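Novice:
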Amino acid sequence: MGCTDKVFCEKLIMLSTESLIAFTTIMDCGSFTAAADKLGVTASNVSRSLAQLEKQLGVRLLTRTTRRLDLTAEGAWLLERAA
């Protein structure tokens, strides 16, 4: 994946800054709750921002379990460029 795909590149241009900040903060903090605390919003707000970002891109950025968050290949690609 990358900006060799015209449709994907157009989607990247349309991303909201709020959603990208939520995504990078989730990964920096390691949890939705910690990211929410850092951003001064609710965990559900952070979750909605991530869901919106994933919907806009049409890909899953994280795999979630009750104990951990793991980046997908697409999530790693985006995080590297968003940081």
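Numbering-wise, the sequence shown is residues 1 to 83 according to full-length UniProt numbering. Don't be surprised by glycine CBs; every beta carbon is placed ideally from N, CA and C. All of these numbers come straight from a predicted model, not from anything done at the bench.
Among R68, E54 and A35, whose alpha-carbon lies nearest the alpha-carbon of S16?
Specialist: Considering only R68, E54 and A35, the residue with the shortest C-alpha distance to S16 is E54.
Novice: In angstroms with no decimal places, state the Cα-to-Cα distance between M1 and L20.
Specialist: Because the pLDDT of M1 is 48, which lies under 50, any placement of that residue in the model is unreliable, and the question is left without a value.
Novice: Just to confirm before moving on: does the CB-CB distance between E83 and T24 stay below 8 Å?
Specialist: Checking the sequence shown, residue 83 turns out to be Ala, not Glu. Contact: yes.
Novice: According to DSSP, is T25 helix, strand or coil?
Specialist: helix
Novice: So, under 8 Å CB-CB, T72 and R64 are touching, yes? Tell me the CB distance rounded to an integer number of Å.
Specialist: That pair is no contact at about 11 Å.
Novice: Provide the residue(s) that pair with R64 in DSSP beta bridges, ordered along the chain.
Specialist: L69
Novice: Among Q56, E18 and Q52, which residue has its Cα nearest to the Cα of L39?
Specialist: E18
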